[in-house]
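Numbering-wise, the sequence shown is residues 416 to 758 according to the numbering used here. A virtual CB, placed ideally from N, CA and C, is assigned to each residue, including glycine. Source: prediction; values computed, not measured. Below: the structure, in structure tokens.
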Amino acid sequence: MKTLTITRPDDWHTHVRNGALLKTVLPHTAKQFARAIIMPNLKPPVTTVAQALIYQDEILQALPADMDFTPLMTLYLTGKTSEADIKLAAESDAVVAFKLYPAGATTNSDAGVANITAIFPALSALEKYNLPLLIHGEVTDEHCDIFDRERLFIETHLNTIVKNFPALRIVLEHVTTSEAVQFVKATAKTVAATITPQHLLFNRNALLAGGIRPHFYCLPILKREQHRLALVAAATSGNPKFFLGTDSAPHLSSLKETACGCAGCYSAHAAIELYAEVFERADALDKLEGFASFYGADFYRLPRNTTTITLEKQTWTVPSIYGDAEHSITPLKAGETLSWRLR
Ligand code: NCD
Ligand code: ZN
Numbered sequence: 416m417k418t419l420t421i422t423r424p425d426d427w428h429t430h431v432r433n434g435a436l437l438k439t440v441l442p443h444t445a446k447q448f449a450r451a452i453i454m455p456n457l458k459p460p461v462t463t464v465a466q467a468l469i470y471q472d473e474i475l476q477a478l479p480a481d482m483d484f485t486p487l488m489t490l491y492l493t494g495k496t497s498e499a500d501i502k503l504a505a506e507s508d509a510v511v512a513f514k515l516y517p518a519g520a521t522t523n524s525d526a527g528v529a530n531i532t533a534i535f536p537a538l539s540a541l542e543k544y545n546l547p548l549l550i551h552g553e554v555t556d557e558h559c560d561i562f563d564r565e566r567l568f569i570e571t572h573l574n575t576i577v578k579n580f581p582a583l584r585i586v587l588e589h590v591t592t593s594e595a596v597q598f599v600k601a602t603a604k605t606v607a608a609t610i611t612p613q614h615l616l617f618n619r620n621a622l623l624a625g626g627i628r629p630h631f632y633c634l635p636i637l638k639r640e641q642h643r644l645a646l647v648a649a650a651t652s653g654n655p656k657f658f659l660g661t662d663s664a665p666h667l668s669s670l671k672e673t674a675c676g677c678a679g680c681y682s683a684h685a686a687i688e689l690y691a692e693v694f695e696r697a698d699a700l701d702k703l704e705g706f707a708s709f710y711g712a713d714f715y716r717l718p719r720n721t722t723t724i725t726l727e728k729q730t731w732t733v734p735s736i737y738g739d740a741e742h743s744i745t746p747l748k749a750g751e752t753l754s755w756r757l758r
């Protein structure tokens with residue numbers, strides 16, 4: 416049987432939620448990944464080190480006893496985040512980064528930042544204390560077409576942030592456009608990007624052609640095929656500025672299959688297998704390990720993992736749901752066949 420053994424990967428962007436949902440999804444992430452950057456957009460958001468420690472504890476309590484997994488905590492940047500908050504975070508072992516959500520950009524972002532220039536003092540403190548800034552890069556102007564929101568964010572905000580804070584490490588999260596790929600490639604070493612499996616596998620037809628398919632709705636929204644191709648080229652290029660971040664974002668099926676469905680694709684059930692399909696199709700399986708297991712750790716200045724995982728070329732069918740019928744999550748590629756399986 417064809418197998419692929421790589422250094423154990425990390426997920427540099429995931430949502431594991433809390434409560435019952437956390438218990439359902441966490442084993443999926445922990446089975447594949449040694450570490451994951453845990454997004455702070457709970458209700459209410461995780462804005463202080465004290466809250467992050469409570470959340471980290473809840474995650475560790477929910478972790479099955481036989482699993483070895485480290486949650487890397489992040490704090491949610493708001494208009495009120497002070498230099499003192501940032502200093503405390505820098506001194507804590509648990510918190511590794513801050514997340515910037517433009518207010519209203521995505522799920523649970525109401526408490527996010529309404530005026531980006533107004534938080535420049537906080538960005539200056541992040542630069543001073545050497546904490547990375549993770550950005551949901553979309554403008555929230557209701558007049559801006561949803562397919563243009565990432566490109567416009569780069570033009571109006573990201574350029575300025577990078578110029579004003581040259582030593583600030585920035586991850587442009589879940590990039591979806593050729594413009595984002597170009598920007599990251601052309602900018603200083605301090606700027607990197609994560610790429611999700613859904614943006615590598617699908618274009619906007621998956622969401623909208625032949626019927627509306629809510630399980631492909633996530634933010635930033637899927638784009639045209641030309642953008643997907645630019646993302647695949649970036650991910651499989653071996654450029655260390657691009658690394659794995661699933662943005663796995665579980666929502667109950669009932670909250671997605673409705674007149675106004677939530678944004679977020681669930682991919683933690685088969686993340687590394689989904690990426691392996693992409694890399695194999697691009698004839699670049701030899702580049703998967705760098706993307707999945709090395710470049711993110713290097714960017715965050717954390718040690719690379721030393722154990723390995725093995726994938727087998729073996730077909731399996733993704734369950735149609737996870738959880739129970741009343742509290743189900745519909746995973747990416749539900750009911751479909753995958754060609755790689757984690758051993
Ligand atoms: C995420 C979520 O559900 O928390 N949703 C999504 O569509 N990606 C939030 C986010 O990362 O934008
Ligand atoms: Zn996310």
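Closest to residue i by CA distance: which of the options is it?
i: Asn433; options: Gln447, Thr420, Gln476, Arg450; result: Gln476
i: Gly711; options: Ile421, Leu419, Asp426; result: Asp426
i: Cys680; options: Asn579, Thr489, Pro629; result: Pro629
i: Ala595; options: Glu570, Thr496, Thr605; result: Glu570
i: Leu487; options: Lys495, Thr730, Val431, Thr592; result: Val431
i: Ala645; options: Gln466, Ile531, Pro734, Val599; result: Val599
i: Ala601; options: Pro517, Ala699, Phe657, Ala678; result: Phe657
i: Glu565; options: Asn579, Val577, Ile550, Ser735; result: Ile550
i: Asp713; options: Lys748, Lys671, Val586, Thr444; result: Val586
i: Phe535; options: Asp481, Phe562, Glu498, Leu753; result: Glu498
i: Ser663; options: Leu478, Thr444, Ala707, Met416; result: Thr444
i: Lys748; options: Leu541, Val733, Ile610; result: Val733
i: Leu634; options: Glu640, Lys578, Ala650, Gly519; result: Gly519
i: Leu753; options: Gln729, Ile736, His589, Lys458; result: Gln729
i: Ser539; options: Ala648, Ala582, Arg619, Val511; result: Ala582
Can you name the start and end residues of the alpha helix (DSSP H) that residue i belongs to?
i: Phe658; result: Segment 657 to 659 is the beta strand (DSSP E) holding Phe658; no alpha helix (DSSP H) there.
i: Leu541; result: 535 to 544
i: Ala512; result: No alpha helix (DSSP H) holds Ala512; the beta strand (DSSP E) holding it covers 510 to 515.
i: Ser593; result: 593 to 601
i: Ser668; result: 668 to 671
i: Leu644; result: 640 to 650
i: Glu565; result: 564 to 568
May I ask which residues mark the beginning and end of the beta strand (DSSP E) holding residue i?
i: Tyr491; result: 485 to 491
i: Ile610; result: 606 to 610
i: Thr725; result: 723 to 732
i: Thr532; result: Careful: Thr532 lies outside any beta strand (DSSP E) and carries neither H nor E.
i: Thr420; result: 418 to 422
i: Val586; result: 585 to 587
Whole angstroms is fine: what's the gap from residue i's alpha carbon to residue j's?
i: Asn667; j: Leu441; result: The question names Asn, yet the displayed sequence has Leu at residue 667. The alpha-carbon atoms of Leu667 and Leu441 are separated by roughly 15 Å.
i: Val606; j: Lys702; result: 20 Å
i: Ala509; j: Gly738; result: 29 Å
i: Asp790; j: Thr463; result: Because the chain here runs from 416 to 758, residue 790 falls outside it and cannot be looked at.
i: Arg584; j: Pro547; result: 5 Å
i: Leu717; j: Ala533; result: 31 Å
i: Tyr632; j: Leu622; result: 6 Å
i: Pro460; j: Thr745; result: 24 Å
i: Gly429; j: Lys446; result: It is Thr, not Gly, that sits at residue 429 in the sequence shown. Thr429 and Lys446: Cα-Cα distance of roughly 14 Å.
i: Gly625; j: Glu506; result: 52 Å
In the DSSP output, which residue or residues are listed as bridge partners for residue i?
i: Trp427; result: Its beta-bridge partners do not exist; DSSP assigns none.
i: Ser663; result: Thr429
i: Tyr690; result: DSSP, once it has assigned bridges, lists no residue as partnering Tyr690.
i: Leu441; result: None, per the DSSP bridge assignment.
i: Ile744; result: Tyr737
i: Arg450; result: Thr485
For ligand 3, is there a heavy atom less than 7 Å away from the beta-carbon of residue i?
i: Ala664; result: Ligand 3 is not among the ligands present in this structure, which contains only ligand 1 and ligand 2.
Does the separation of the CB atoms of residue i and residue j fall below 8 Å?
i: Thr422; j: Asn654; result: no
i: Thr725; j: Thr418; result: yes
i: Ser524; j: Gln613; result: no
i: Ile452; j: Ile474; result: no
i: Ala691; j: Trp755; result: yes
i: Glu741; j: Met416; result: no
i: Tyr491; j: Asn456; result: yes
i: Thr592; j: Gly660; result: no
Under a CB-based cut-off of 8 Å, is residue i close to chain C?
i: Leu700; result: Absence of chain C from the displayed structure is noted, only one protein chain being present.
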